[in-house]
Every structure is written in C-alpha cells, then in structure tokens.
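K.L.:
Protein chains in written order, with the numbering used here: chain A, 420 to 796; chain B, 2 to 321. My questions will all concern the structure given below.
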Amino acid sequence: MPTRSTLGLQRAGMTATSHSSSPSGLSSVRLWPAFAALAALWLVSLPLACLPGPVPLAAGQVFHALAAQLGLAEPPQDASLMLVVGQIRLARVCLATLCGGALAVAGVALQGVLRNPLADPFTLGISAGAACGASIAIALGGVAGRALSGLLAAMHISLPGPAALVAPAALAGALLALAGALWLGRGDGGFRRESVILAGIAVAAFLGALVALIKALNEESVTSIVFWIMGSFQGRGWDSLPLLLATFVPGLIAVALGWRALDVLTMGDEQAAQLGLNVGRARLWLLAGASCMTAGCVAVAGVIGFVGLVVPHVLRLVLGCGHGPLLAGAFFGGGVLLVWADVLARSVLDGGQELPVGVVTALLGGPFFALLVRRRP
Amino acid sequence: MKQSATPPMLEVRNLRSGYRERPVLQGVSFAARGGECLALLGPNGSGKTTLLRSLSGVLHAQEGEIFLQGRSLAAMKPRQRARLAAVVPQGGEYPRELTARQMALLGRYPHLSWLGCYGSRDYAAVDEALEACGAAALAPRRLAELSGGELQRVLLARALAQESPLLLLDELASGLDMARMAGLFDLLERRRAAGACVLMAVHDCNLAAIYATRLLGLKAGRLVFDGPVDAVFTEEKLSALYDIPIGVLPHPLWGLPQALLARAHGPRSHDGFVACPADPCPGDPCPADPCSADAGAGPGFGPAASFGAVAGFANRDAGR
C-alpha cells in the first residue's frame, strides 16, 4: 500500500516518545487481568465464530460437530454438517486467528525495531511484493498458464492449477521484496531504521507500478487481482494451513526470542549497543522474523491492512510498553480481531456473497485509529 | 605501560577516532586502573564525547587500539563490553511510557540469559542502584514525568545496575542541583574507593578538581595534559586549555585548587565593576588597558596578586 508507506516516510522522524499515551504506563497490577481477559476472549471466540455462515445451522449442531472434529464426541449423522463446520468454518477461523495474530505480532516487532509508530507489516514493501507475485501468477494463469499446462500435460507432467500457484507466487514475491528492501537498507555496520524504511518505500513504489502495469496489460484478470489484493479468506481451507504455519512458526520464534532486545532498542541504537545489544544483528533477526510471518499471511489471505497497525497501538494503552506482554497480547488480540472481521465479511451480505476481509478491517480500523490519534493529548 | 602483572582497566593507544571525513581525536593515549577517577576537561567540541563513545564501542577507532582489562575492545562482543563498561550518555530521547524502574532494569541486559527474563538478583541490583542514586521514589514514575535532573539520576542508576567496573559518564552533573550533584559524586567516590574506574567528561573544572584523582585535558582532539590534580590544575594549563585567563586559588575549606574566570574585565566593568586593581581608567572601557595587554602572558596577569591573598586567607582558615 504505497499511500500508507508514504505516510510512514513523512512521520519517519517521529521518535518512540510519541508511541502512545497511557495515563499510568505499565502497571503490573493491571497487566495480568487484562492479559487473562484477552486470552479468554480469544479462546471463546474460536467456537463462537463458527456459528454464523451462509448455511443456517443451530448452535447445538455446530458445537456437536466441533466436538466431533476434536474427537470429543461421536460424529453427527449428517456428513455435510461435518463438512461445513469442520472443513470450512473451523478452517477459516483457524486461518483467520493465525493470520491476525501473525500480523499483530509482526506489527509490534516492526514498530519496535523501526521506532516508528506508523510502521506496520507492510512498511517494508512486503505487501507490494506479494501483490506483484500474485498478480503475475494470476495473469500468467490466464494466458501462459493454460498453454504451459497444456504442454506439460502432453508431457505427462501434472501441474497444480493456476489458482494454486497464486499463494506460492505471493510468498516468493513477498520474500524477494523483503530481501530487496533489507539489501538496499543495509548501511555500513548494520540496519539503520531510516534507511530500512526508505528502502521499503522504494521497493513498494516500484512493485506497485509493476502491479499496475500487469493490470493494464491483462484486463481479464483485473477483477481477481483486485479481489486478491483486498484480502479474503474465501475458499481457503485446511490445505492453506501448512504454508501459513511454515512461515508463522519460524517467524514467531525469531520475534519472540527478541522480545527483550525490542525493549532495549527503545533506548535508541547507540544506548542499546552500550547496554550490550548487537543492534545490527538483532534488527536483522526481528525484521526477518516479522516479515516472514507477514509474507505467509499475505500468501494465504492477500493484503489485510490495519490489523498490524491498530492492534499494537490499542494494546499499548492496556498492557503498557514492555514488549513481552505486548507480543503475547498481540497474538491474541490480532487473532480475535481478524476472526470477527472475517465473520462480518462473510455474513454481512446475503446470498453467500462475501466482502473482502481487508475492506472490513480498513472500514472499521480507519475511523477507530483516527479517534485514537485525536484523543492523544 | 604493561610492566605490571594485571592489565589496566582501560588502555588507549594512539587512538584516532571520529566521523567519516572528520577525525575528531588524534593520537590519544592513556591508561587507567581501578580506583582512579579521571576527569576529562576541554572546551566544547574538543572530543570529550567522541572519546567516551569510542571507549563504549559505538564509534570504531580509525587507528590505534583500545583495551579493556587487557582485551581488545574491537574484538569484544557487545555483551562482554557492556559487562566491563557502563555509560551514562548525555541527552537522548527516551520512550515516555517507560517507568524509571523499567529503564533502570535495562541495565541488567548484559547479564540476562537468552530467555531475557529478569531474576530476583536483577531486581535487587536495580533497587539498590535506584536507592543509592536517590531515585527509589521515582521508580514507578513514567519517564515523561521526570525532570532533567531526575532522568540523570535514573540513568546513573541504570549504569550502576550494570555492575561494570568501568563507568563512562558524559556530563553527569548537567541538570542537577548542588545537593543532588554532591550526593551523586559522593556515590561515585565510594565506587571508586571500592575499586571502580570512573572516567567522566565534565565542564565544571572545579567539580573535577574536587572529585577526580587525575585530569585529562583534551583540546582539538589531542591530549594536552594528563596528570594528578595538583600537578595539572594550574593557571597556565587551564588558561591554555580554555583560551581564556583562568585564576586558581585553594578551596577555602578543603585546600583543593579551584578555578575562577580571570579575564581582565568583568562583564560590567564600565559601570563601576572593579575589574583589575591596577586599572588606570576605572569605569571607562579603555583601549590601552595594561591588564588586557598582558592578560595572555601567563602567570603574571593582573588579578594573580589578589588570588594569592585569598589563598593565604583560605589556608589559614582551612584547619586541615
């Protein structure tokens, strides 16, 4: 999203001093109840979010099917019930909660590493890279893909359909864009936050133009590219989970191990180094971890904005600015937010029509964020 | 330099350091042992902060070498470095939401395991350091609510909590009232007596004369003097260092040398301020003033005679 990245450039000079405004800062008295409430909310959201959907089902039926899915009860008579609840709804809820958690955790990490309150998982050009990869796959899937798969079929090589290529292509695009941004942003002696942000903006602008070019050259695929870029869980099922987990788990490990480094980095690079942190290396690990998580999300669900921006800010008001509680809280908070945004996206329109979930998060997140900024003293 | 058995706490050999096109320090060499308190004197821009940044490892030496306890600084990991040297920086931006205690706890970072969790020993060290710096009451407050002097105290507590034998302090006294300043420097003196090595950049040379055991004069990136207070805290050396006539007289109570601005003219000499006993035309800024004419000529400048008188008075009253 070039517009948001440009905003990041304008505000790149903002320091961590303007991160948020909690009246009391971190108080451990308030920390644990808030944390427990968040975790409980997350746990309750998962089954509840399986209730709404285009196929009308009674709550009892849904919970029965869920219990059966977990092996806690006998499977219901109606096999289609298991299919709808176990295969479609539960899979979507799980994907949404993982994606939301990943985006929010990545947001906390990136805002900490870049010391920029407007950094979000897409600042580094990751979304542009993923969009570019996906657009190429969609466009090629329309034209060259058919010819190619015909050719390969003649050679008795079976190729996954063009739709299945979109996610890996998006992942590859995201990782390439990230590598480009990190390479460009690498100054002597490590990563300076200004150069990383600027490099991300440069990469995002270039790739955004490339996406526009693909859309202009290949009109038949414009709709699917646009829909993909807005982000959606429509049609995603358990088969997307391995790809998501393969990026989520290593990314989460890299970020979680750097939680104290994030605290030290709030002091600025120089003092962080004087306190014993290898600043360049810590920054590389955190950036790579956060980006890896983001790339997986984008590959599975397209570009979902605002989760990684809003969730860390709201949590800072509640949990203070220690990064340990923030990262853990972001996983739950982001998960809850995206699960319910997806519920809205799939149940607002009738007749099985869906909104892209990115539209929901942006429609809700935009005004909410504006209010938050206004209320800051 | 290395004839003794234990290596010095800090050794700097022919250091050249600075910024890309502009080397600030040139050919700086000195060594310091535990139990010493070195004060770094020098005019603005003489390289005091650059030296401290080089010693803390954030600015790489362009030439020469720095050793901490006999080990090369350049070859050290940041963590090892931070266990040996703690820094109180000058200025800086701090996250407003952090509490003072959280910031002081960050001083424990070089001692944490890879999990990054604080243990009871970390909390104890931090609470003790906050207490020692008179900042225990500030612990729950947010950094945004602290005054400049309060922030200085919390920063010193962070450095003390680091438990490093070498303390590098950049203008610690700035923003502190006299009582707080005396309290903190007394604390540093106790640390020094207990074997720590303190290197501090100071603007207030009188403070340096009271608390330091050794003075280093830095001018235009070069060391111009290095020695014990009695040997180097002289009118000639200080006047030459700061490029302004400076008089030295003993502290009335302790007998330690103290410096005074000794320019021939006071700021209000034209309206009756007695600038110079031998002023031929009082009340009139006279171009052919004999005092200003020989002001730069070293020990013979005008007010020296009156300083001598004050010094005698002080010595009689000092009682020690």
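For every residue, glycine included, the Cβ atom is placed at its ideal position computed from N, Cα and C.
So what does B/V199 bridge to, in DSSP terms?
P.N.:
B/C38, B/L168
K.L.:
Using DSSP with H/G/I as helix, E/B as strand and the rest coil, what is B/I247?
P.N.:
strand
K.L.:
Does the distance from the C-beta atom of B/A232 to that of B/I247 stay below 8 Å?
P.N.:
no
K.L.:
With DSSP collapsed to three states, give me the class of B/Y212.
P.N.:
helix
K.L.:
Sorted by chain position, which residues of the same chain lie with C-beta nearer than 6 Å to B/E151's C-beta, five sequence neighbours on each side aside?
P.N.:
Only L139 meet the Cβ criterion.
K.L.:
Within a Cβ cutoff of 7 Å, which residues of the same chain sit near A/L791, ignoring the five residues on either side of it in sequence?
P.N.:
H732
K.L.:
For a test of the three-state rule: what should DSSP assign to A/N637, helix, strand or coil?
P.N.:
coil
K.L.:
Counting beta carbon pairs with one atom in the segment 705-723 of chain A and one in the segment 672-683 of chain A, are three or more of them shorter than 8 Å?
P.N.:
yes
K.L.:
If you scan the segment 628-700 of chain A from start to end, which runs of the alpha helix (DSSP H) of 4 or more residues do you find wholly inside it?
P.N.:
List check, alpha helix (DSSP H) in window: 641-649, 660-676, 678-684, 688-693.
K.L.:
If you count every other CB in all the chains shown that lies within 10 Å of the CB of A/H483, and 16 or more means buried, which is it?
P.N.:
buried
K.L.:
Have a look at A/G677, A/L696, A/I633 and flag the residue whose alpha-carbon is nearest the alpha-carbon of B/R109.
P.N.:
A/L696
K.L.:
Would the segment 751-759 of chain A and the segment 531-540 of chain A be scored as touching if the rule is three or more Cβ pairs under 8 Å?
P.N.:
no
K.L.:
Confirm, please, whether the CB-CB distance from A/G777 to A/V722 is below 8 Å.
P.N.:
A contact, by the Cβ cut-off of 8 Å.
K.L.:
Please identify the residue among B/F234, B/R82, B/G267 whose C-alpha is closest to the C-alpha of B/E164.
P.N.:
B/R82
K.L.:
From the DSSP output, which residues share a beta bridge with B/I67?
P.N.:
B/V13
K.L.:
B/Y119 by DSSP, collapsed to three states: which one?
P.N.:
coil
K.L.:
Below 8 Å, can you find three or more Cβ-Cβ pairs linking the segment 234-249 of chain B to the segment 209-218 of chain B?
P.N.:
Taking 8 Å as the limit for Cβ pairs, the verdict is that the segment 209-218 of chain B does touch the segment 234-249 of chain B.
K.L.:
Tell me whether A/D497 is buried or exposed, calling it buried when 16 or more other Cβ atoms sit within 10 Å of its Cβ.
P.N.:
exposed
K.L.:
Can at least three beta-carbon pairs, one atom from the segment 491-509 of chain A and one from the segment 543-552 of chain A, be found at a separation below 8 Å?
P.N.:
no
K.L.:
Once you ignore the five residues that flank A/L450 on each side, which residues in its own chain have a CB closer than 8 Å to its CB?
P.N.:
L738, G739, P744
K.L.:
Which residues share a DSSP beta bridge with A/R611?
P.N.:
According to the DSSP secondary-structure assignment, A/R611 is paired through a beta bridge with no residue.
K.L.:
Please classify A/A631 as buried or exposed, where buried requires at least 16 other C-beta atoms within 10 Å of its C-beta.
P.N.:
By the Cβ-count criterion, A/A631 is exposed, with fewer than 16 other Cβ atoms from all chains shown falling within 10 Å of its own Cβ.
K.L.:
Quick one: residues in its chain with C-beta nearer than 7 Å to the C-beta of B/I211, no 5 flanking neighbours on either side, listed in chain order?
P.N.:
L257, listed in sequence order.
K.L.:
Taking 8 Å as the threshold (beta carbon to beta carbon), is A/A692 in contact with chain B?
P.N.:
yes
K.L.:
Mind checking whether A/A598 and A/G619 have CB atoms under 8 Å apart?
P.N.:
Against a cut-off of 8 Å, the Cβ pair of A/G619 and A/A598 comes out as no contact.
K.L.:
Could you tell me the distance, in whole angstroms, from the CA atom of A/A635 to the CA atom of A/A553?
P.N.:
Taking the straight line joining both Cα atoms gives about 15 Å.
K.L.:
How far does the alpha helix (DSSP H) with B/F31 in it extend, from its first residue to its last?
P.N.:
B/F31 -> not in any alpha helix (DSSP H); beta strand (DSSP E) instead, spanning 23-33.
K.L.:
Taking only the alpha-carbon atoms, compute the straight-line gap between A/A487 and A/C551 and give it to the nearest angstrom.
P.N.:
41 Å
K.L.:
Could you tell me the alpha carbon to alpha carbon distance between A/L509 and A/L595, rounded to whole angstroms?
P.N.:
32 Å
K.L.:
Quick check on A/L445 - is its C-beta less than 8 Å from some C-beta in chain B?
P.N.:
Unreliable placement is indicated for A/L445, whose pLDDT of 44 sits below 50; no coordinate value is reported for it.
K.L.:
Chain A partners of B/R82, CB-CB under 9 Å?
P.N.:
The contacting residues are A692, Q693, G695.
K.L.:
Which residues of the segment 678-691 of chain A have a Cβ closer than 7 Å to any Cβ of chain D? Give them in chain order.
P.N.:
No chain D appears in the structure shown, which is made up of the protein chains A and B.
K.L.:
Between the C-alpha atoms of A/L746 and A/V729, what's the straight-line distance to the nearest angstrom?
P.N.:
14 Å
K.L.:
Chain B partners of A/G741, CB-CB under 9 Å?
P.N.:
L99, Q103
K.L.:
Using DSSP with H/G/I as helix, E/B as strand and the rest coil, what is A/P405?
P.N.:
Lying outside 420 to 796, the shown extent of chain A, residue 405 of chain A is not represented and no answer is given.
K.L.:
Suppose you measure from the CA of A/L584 to the CA of B/L113; what does that come to, to the nearest Å?
P.N.:
45 Å
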